[in-house]
Amino acid sequence: MTFYVENETGEEFPFDVEETVKIVCEAVLETEGCPYETQVNVVLTDNGGIRELNRKCRGIDRETDVLSFPNLDFETQGVFDIPPMSEADCFDPDTGELILGDIMISTDKVREQAQNYGHSLKREFAFLVAHSMLHLCGYDHMAPDEAKVMEQKQEDILAGLGITRDV
129 MTFYVENETG
139 EEFPFDVEET
149 VKIVCEAVLE
159 TEGCPYETQV
169 NVVLTDNGGI
179 RELNRKCRGI
189 DRETDVLSFP
199 NLDFETQGVF
209 DIPPMSEADC
219 FDPDTGELIL
229 GDIMISTDKV
239 REQAQNYGHS
249 LKREFAFLVA
259 HSMLHLCGYD
269 HMAPDEAKVM
279 EQKQEDILAG
289 LGITRDV
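Letter by letter, the sequence shown follows residues 129 to 295 of this note's numbering.
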């Protein structure tokens, strides 16, 4: 797996951001049974940056904690069937890796939500990475039954990594 982490804010955390991205992304992909080597881009921004992106891309003029930009259209969530006609758009020609997509995380929201929920910065950050990775794997939470599946997957993945609410 190749992942790129860009920190636009220069903000530092009391944990290794790249290592956390790596272990959470790998855990999600293992849980989902992804048969490919993958690429994921993660950008850390602030509330202003994510608000602007949310406005431009979703027409919602407010801050949010995380935005996901999947590169794949899933017919069934978590099923990595790539039609042959789409392979050129889905795989990096240099590495052969499946390009899953991009994740944008607001560092301001990581801090705010960790404090509001009473858990560590690492737990909140890891939660947002897991949440977004599941979006990149075709999951959504618009309907209550979808939300329940996604929430359970997030909790199971983080618990499996030992990143719990009290860590």
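Even glycine gets a Cβ: it sits at the ideal position worked out from N, Cα and C.
(request) Compute the distance between the beta-carbons of T159 and T235, then report whether it is under 8 Å. (result) Taking the sequence shown and counting its residues from 1, one reaches residue 159 at position 31. Taking the sequence shown and counting its residues from 1, one reaches residue 235 at position 107. Their beta carbons are not under 8 Å apart, which means T159 does not touch T235 by this criterion.
(request) Starting from the N-terminal side, write out each stretch of the alpha helix (DSSP H) that is 4 residues or longer and does not extend beyond the stretch 201 to 258. (result) 215 to 218 and 235 to 245
(request) In the DSSP assignment, find the unbroken beta strand (DSSP E) run with P198 in it and report its ends. (result) Within the sequence shown, the letter at position 70 stands for residue 198. Looking at the DSSP string, the run of the beta strand (DSSP E) that includes P198 is V194 to P198.
(request) Could you tell me the distance, in whole angstroms, from the CA atom of D217 to the CA atom of D201? (result) Translated into the one-based positions of the sequence shown, residue 217 becomes position 89. Translated into the one-based positions of the sequence shown, residue 201 becomes position 73. Each residue's alpha carbon lies about 11 Å from the other.
(request) Just the C-alpha distance for T148 and M261, rounded to the nearest angstrom, thanks. (result) For the purposes of this step, residue 148 is taken as residue 20 along the sequence shown, with counting starting at 1. For the purposes of this step, residue 261 is taken as residue 133 along the sequence shown, with counting starting at 1. Rounded to whole angstroms, T148 to M261 spans 13 Å at the Cα level.
(message) Strictly by DSSP, which residues pair up with V171?
(response) As a position in the sequence shown, residue 171 is number 43, starting the count at 1. V171 pairs with E134 and M232.
(message) Using 8 Å as the cut-off, can you tell me whether the stretch 267 to 286 makes contact with the stretch 216 to 233, which would need three or more C-beta pairs spanning the two stretches below that distance?
(response) no
(message) The alpha helix (DSSP H) that contains L157, what's its start and end?
(response) Numbered from its first residue, the sequence shown carries residue 157 at position 29. Run containing L157: V145 to E160, per the alpha helix (DSSP H) assignment.
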